[in-house]
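**Q** Next up is a structure, given as structure tokens.
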Amino acid sequence: MILLFISHEDSAKRWRKALSVALPELEFRFWPDEIGDPSEIDYILAWKPPKGEIKRYPNLKAILSIGAGIDHLAEDPELPSHIPVSRLVDRCLTQGMTEYILYWV
602 MILLFISHED SAKRWRKALS VALPELEFRF WPDEIGDPSE IDYILAWKPP
652 KGEIKRYPNL KAILSIGAGI DHLAEDPELP SHIPVSRLVD RCLTQGMTEY
702 ILYWV
């Protein structure tokens with residue numbers, strides 16, 4: 602199982618460390634330097650990938666959004682419609698978003 606991490610805003614090394622503990626069989630690759638053969642990529646863990654990037658991976662099984670939203674993915678007109686998209690659900694993230702909203706109210 603191969604996961605490609607695509608983000609300029611999040612710590613790939615931190616994600617690699619956490620996921621290697623939980624899923625030791627996972628091969629974790631960094632974008633753009635460790636893509637290798639695009640047809641080998643099973644999953645993408647992403648935050649704001651470049652428009653059109655996702656379509657490069659023909660055997661992709663799912664896209665995992667690092668954040669609570671998926672708008673950064675849905676805005677890509679070339680995003681393949683048959684690939685499931687999942688978003689992060691995390692108690693701390695929810696609390697942080699709630700605090701952010703309350704701050705502005």
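Residue numbers (the numbering used here): 602 to 706.
For glycine and all other residues, C-beta sits at the position ideal for the given N, C-alpha and C.
Whose C-beta lies closer than 7 Å to the C-beta of I607 among residues of the same chain, with five residues either side of it excluded?
**A** So the qualifying residues of the chain are W632, I645, A647, P650, E654.
**Q** Are there 16 or more other CB atoms within 10 angstroms of the CB of G668, so buried, or fewer, so exposed?
**A** Label assigned to G668: buried.
**Q** Would you kindly report the start and end of the unbroken alpha helix (DSSP H) that includes A623?
**A** Counting along the chain, the alpha helix (DSSP H) containing A623 begins and ends at 613 to 623.
**Q** From I671, I642, Y701, S666, pick the residue whose C-alpha is nearest to that of Y658; which is it?
**A** Looking at the Cα atoms, I642 is the closest of the given residues.
**Q** Could you tell me the boundaries of the alpha helix (DSSP H) in which A675 lies?
**A** Counting along the chain, the alpha helix (DSSP H) containing A675 begins and ends at 672 to 675.
**Q** Which one or two residues does DSSP pair with E628 in a beta bridge?
**A** DSSP lists I603 as partners of E628.
**Q** Do L661 and S687 have their C-beta atoms closer together than 8 Å?
**A** No, they are not a contact pair.
**Q** Could you round the C-beta distance between I636 and A663 to whole angstroms and report it? I think they count as a contact, below 8 Å.
**A** Their Cβ separation, rounded to whole angstroms, is 17 Å, which puts I636 and A663 out of contact at 8 Å.
**Q** Check whether the Cβ atoms of L680 and L689 sit closer than 8 Å, and answer yes or no.
**A** Contact: no.
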